[in-house]
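Engineer: First the structure, then my questions, so here it is.
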Amino acid sequence: MIVLGIETSCDETGVAVVEDGHVRSNLLSSQTDLHARFGGVVPELASRQHLVSLNILLAQSLDDAGVGFADLDAVAVTVGPGLIGALLVGVSAAKALASVLDVPLIGVNHLEGHVEAAFLERPDLTTPLIALIVSGGHTMIAEVPERGSYEILGQTIDDAAGEAFDKIARYIGLGFPGGPEIDRLARAGNASAYKFPRAKMSDDDYDFSYSGLKTAVIRWIRERQDAGEEIDAADLAASFQEAVVDVQVAKTLRAADERGVKTVIIAGGVAANSRLRERMHGDGARRGIDVVTPSLLLCTDNGAMIAAAGLRRLANGEQTPFDVSVNPNLALA
Ligand code: KG4
Ligand code: ZN
287 MIVLGIETSC DETGVAVVED GHVRSNLLSS QTDLHARFGG VVPELASRQH LVSLNILLAQ
347 SLDDAGVGFA DLDAVAVTVG PGLIGALLVG VSAAKALASV LDVPLIGVNH LEGHVEAAFL
407 ERPDLTTPLI ALIVSGGHTM IAEVPERGSY EILGQTIDDA AGEAFDKIAR YIGLGFPGGP
467 EIDRLARAGN ASAYKFPRAK MSDDDYDFSY SGLKTAVIRW IRERQDAGEE IDAADLAASF
527 QEAVVDVQVA KTLRAADERG VKTVIIAGGV AANSRLRERM HGDGARRGID VVTPSLLLCT
587 DNGAMIAAAG LRRLANGEQT PFDVSVNPNL ALA
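Each residue of the sequence shown is one higher than the one before, starting from 287 at the first, in our numbering.
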């Protein structure tokens, strides 16, 4: 089965062709430069740029995969969660294509796409597993008892993890998106140089909170500046990142222990964070847990994860009616 995957939920246009778990092409057009000067994603600009990029990527992606439109068995597309206008661009294109080609349309939940990315890379993965889903809009721990079914164990009660990275990066004058910038800067820093709060670390739930950490870091910077003290930016980035990662690793591995699950996957843009990946592998191995960290291109938004999720649903005999609407707040479970 050959499935085309279209992702336009935020600021990356992604188009991919996946054949039975094998990625034949996976193209991305990033809008980072377009939004950078605004310090965040401008929804209207995102929709317009998806319109410009989508047709080009479609042609290129089929070309790279060595297939034609007639070879496609289905068209999968993100229907939510995400920015409404951005989602509409992808979904309208997918509907038109599936209709003209007379193949099934598969509406995919963006978060399920992030989880399915792990199976693309590790087809041998078995359930049950615990998924830490950390992106610019979401932060949650879910148990996946079997593929396609999810139980949310906990989530952020305020900001998403990626949002916290982006806000702190912006505050200290780094570029957008801030996550990769902090990750890079932190490599030259000492993670225990400054001590920031680990919110909800000792609570026995699986929830997260980042607004207190953000406020604490900003207050700390102001106090140092007022006192005329020098701040080492790399140490600051590393210490902030460690506070975020510490809680994520502890809660995810505790979820695996308490639920008796031996496999953990990390998914979403923040799963590209090098320190999170390193700590998850190290701490997971010590506890006998198999930790799966998909390659960076499959962690951040992309079309292949949507095609993969579509393929699984198609194999399950599912398809989506053509009058499906986008849902900016679509829940995973
Ligand atoms: O999943 P994603 O590509 O888009 C959403 O669905 O939101 O995630 C984007 C988020 C941004 O907040 C970005 O700063 C963050 O993922 N991110 C990172 C890293 N790479 C991307 N955060 C920390 N470290 C990284 N290396
Ligand atoms: Zn995402």
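Ideal placement from N, C-alpha and C gives every residue a C-beta, glycine not left out.
Since Q383 and G589 should fall inside the 8 Å C-beta cutoff, what is the C-beta to C-beta distance between them, to a whole number of angstroms?
Structural biologist: Correcting the residue identity first, residue 383 is Leu in this sequence and not Gln. With a Cβ gap of about 13 Å, L383 and G589 do not count as contacting.
Engineer: Verify the contact flag: A558, CB atom, against every heavy atom of ligand 1, threshold strictly below 7 Å.
Structural biologist: yes
Engineer: What's the C-alpha gap between D410 and Q527?
Structural biologist: Their backbone Cα atoms lie some 32 Å apart in a straight line.
Engineer: Less than 7 Å separating the Cβ of G336 from some heavy atom of ligand 2?
Structural biologist: Here the sequence assigns His to residue 336, which means Gly is not the residue at that position. Not so, every heavy atom of ligand 2 lies at least 7 Å from the Cβ.
Engineer: Would you kindly check if the distance between the Cβ of P580 and the Cβ of A404 is under 8 Å?
Structural biologist: yes
Engineer: Judging by CA-CA distance, which residue of A513, A519, D452 and G459 is the nearest neighbour of N476?
Structural biologist: A519
Engineer: Which residues in the same chain as D605 place their Cβ atom closer than 7 Å to its Cβ, once the five residues preceding and following it in sequence are excluded?
Structural biologist: With the sequence shown as reference, residue 605 is identified as Gln, and Asp is not the correct amino acid for it. Taken in chain order, the residues that qualify are P390, L391 and I392.
Engineer: When you compare the region 606-616 with the region 329-338, are there three or more beta-carbon pairs, one atom per stretch, that lie closer than 8 Å?
Structural biologist: no
Engineer: So, helix, strand or coil for G366, using DSSP?
Structural biologist: strand
Engineer: Based on DSSP bridge pairs, tell me the residues matched to I468.
Structural biologist: DSSP lists no partner for I468.
Engineer: When you compare each of V361, V301, R473 and S347 to M287 by their alpha carbons, which one comes out closest?
Structural biologist: Measuring from the Cα of M287, the nearest candidate turns out to be V361.
Engineer: Cβ of S421 versus every heavy atom of ligand 1: is any distance shorter than 7 Å?
Structural biologist: Within the cutoff, so yes.
Engineer: Find out if the Cβ-Cβ distance for the pair I427, V401 is shorter than 8 Å.
Structural biologist: no
Engineer: CB G423 to CB P463, shorter than 8 Å?
Structural biologist: No, these two residues do not count as a Cβ contact at 8 Å.
Engineer: Buried or exposed for K481, please, with buried defined as at least 16 other CB atoms from any protein chain shown within 10 angstroms of its CB.
Structural biologist: K481 counts as exposed, since fewer than 16 other C-beta atoms from the protein chains shown sit within 10 angstroms of its C-beta.
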